[in-house]
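Top to bottom, those sequences are chains C and B. Under the numbering used here, the first residue of the first sequence is numbered 2, with each subsequent residue one higher. Under the numbering used here, the first residue of the second sequence is numbered 7, with each subsequent residue one higher. Here a beta-carbon is modelled for each residue, glycine too, at the ideal position from N, C-alpha and C.
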Amino acid sequence: MNVFGRLYDLTWRRVRHLGGVALLGRAVAARLVTPPWDAGEIVRQVEAMGIRSANLACVIALFTGMVLSLQTAYTLAAFGAKLYIGEVVGLSLVRELGPVLTALMVGGRVGSGITAELGSMTVSEQVEAMRSLGADPLRKLVVPRMWALLVGLPLLVVLADIAGIFGGLLISTWELGLTPGFYFNHMLRLLEFGDFLSGIGKSVFFAFAIGLIASYNGLSATGGANGVGKATTDTVVAIAITVLVLDFFLTKLFLAL
Amino acid sequence: MSETRPVVVEVHELRKSFGAHTVLDGVSLEMLRGETVVVLGGSGEGKSVFLKHVNGLLRPDHGSVSVLGCGVSGLPEDEMVGLRRRVSYIFQQGALFDSLTVGENVAFPLREHTGLGDSEVARRVAVLLERVGLAGTEALAPSELSGGMRKRVALARGLALDPEVILYDEPTAGLDPLTGLAITALIGEVTRTTGATSLVVTHDIAVAAKLADRVAFLSRGRFAFMGTMAAAIRQEGDVGQFVRAGGLYA
């Protein structure tokens, strides 16, 4: 096959892939809003995905807040504006770093888990067995995981915001000699409820994207253990790129609102 | 064979390709109620692909499939549920759900399609497991089962809704000869007691010899032969060679 043939083949595969993800997205969205929902399975998935990710999200956000605080203080000191550290840390964490870093972590940890689980079910014909028994695999397997992400990720972002702000507070008080009251007063002077909503809103979109990409790659896995491994790697890469690209457009959207 | 029995499976000029590779190239088959047809053929000839078209797990590129009077090939996925309650598919490796116990696997179709209470479901699961010789295994995980036990559990799950048509995908593949014989005998017993129409794909001649009212030989995407086992043995070429290579008819 010549270069143009390869290029055509690659482009066609990408278009088919995106088409497949879009069709799955439509099918899952329709099932998300129509009963029946398996409440027990949703709770189990929230526990497996959300609660077990909480420690990790908090640790990442705590140290991000601490580093952000140190770097900001260093930069602002050049302009004699070190006192504004609360505003900068608060806004950066709540609007951007909290949702994005948490989504990247959940995308890596939970997204890869979803792909591996659904992928191994697909290659061992369990998904086909479910269809052959007259059950809907999207409703049984994808919808509970998607609900778990839609509920769990925003809650994790709230936790991450709190942990990150606390990390900033630690550095501000220990390293920079500011009082907690001063740090929070400055932060709350600038931070609005809309900033929190913007971060939480982003996390809902991220959750849907993570669930969709992970489920699609799992359900389309082929070729045994090797295929599942490849699908899992593809999921982590695709989620990382999607979260960052989506973040740009969502930021533009929320700033325009 | 009585001609008054209704046709329950009707496959007409079925064609299926994956990319440039044509797997099925105009396959046709009619099965009467209660009949057992065994599809023979070498590995990679498309036997499982053919079987998956019969309950709509795969859609044909061309041709039609009708089961129990229902046009499978044109039916949307969400309208296939009613038909799949009446048509069981027993997968090659069992395809048991890893995350569920044996009992939960067998109970799955009952919970999905009937409004039975927990105690009645448990009672029926116990009866089904006893029927396949696995009484008392409800609490085991699929990973704790041998290959033969997995196939028995899959059969119990497949029988849960009293299907009218049962599709078996390589029921003895990967089993030792004695376990293979036991599974074949179990399928024969199920066919006799339920009166279900059975379509079995296999490359195991012993299965065909024990179960088949008719055998069909799939080769190069088409049925190269269709008839009784006795007629198959007398065939020249690929069909006769394949059957005699099974060792039962030297």
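At least 9 Å separates the CB of G51/C from every CB of chain B. Considering only H18/C, L179/C and I201/C, the residue with the shortest C-alpha distance to I214/C is H18/C.
Contact annotation: I193/B and V207/B have beta-carbon atoms that are not nearer than 9 Å. Taking CB atoms only, R110/C has no neighbour in chain B less than 9 Å away. Distance from the CA of L119/C to the CA of L165/B, rounded to the nearest whole angstrom, comes to 26 Å.
The region 126 to 143 of chain B and the region 53 to 62 of chain B do not touch, with fewer than 3 CB-CB distances between them shorter than 8 Å.
The contact set of F103/B on chain C, defined by CB atoms closer than 9 Å, consists of M122, Q127, A130 and M131 in chain order. Unbroken alpha helix (DSSP H) stretches of 4 residues or longer found wholly inside the region 84 to 110 of chain B: 87 to 92, given in chain order. Using a Cβ-Cβ cut-off of 8 Å, R91/B is close to G135 of chain C, given in chain order. Of the candidates A210/C, L77/C and I201/C, I201/C places its Cα closest to the Cα of R96/C.
For S23/B, the three-state secondary structure derived from DSSP is strand.
Along the length of the region 123 to 155 of chain C, whole beta strand (DSSP E) runs at least 3 residues long do not occur. For Y75/C, the number of other beta carbons within 10 angstroms of its own is below 16, and it is reported as exposed.
Relative to T65/C, the option among R53/C, I52/C and S93/C whose CA is nearest is S93/C. The C-beta of R39/B comes no closer than 9 Å to any C-beta of chain C.
The DSSP-derived three-state label of H68/B is strand.
Under the DSSP assignment, S204/B falls in the beta strand (DSSP E) whose first and last residues are T203 to T208. Ranked by Cα distance from A218/B, the options V249/B, R156/B, G52/B and V43/B are led by V43/B. In the same chain as M131/C, and ignoring 5 residues on each side of it, the C-beta atoms closer than 7 Å to its own belong to P138 and K141, in chain order. Between G121/B and the set T178/B, N111/B and L167/B, the nearest pair of CA atoms involves L167/B.
V87/B reaches chain C at G135, counting residues in chain order whose Cβ is nearer than 7 Å. Taken atom to atom, the span from the alpha-carbon of K22/B to that of S133/C is near 20 Å. Using a CB distance below 8 Å, the part of the region 115 to 126 of chain B facing chain C consists of P115, E118 and H119, ordered along the chain. Between D84/B and chain C, the shortest Cβ-Cβ separation is below 9 Å. For T76/C, the enclosing alpha helix (DSSP H) starts and ends at R53 to A78. Going by DSSP, A40/C is part of the alpha helix (DSSP H) stretching over A40 to Q46.
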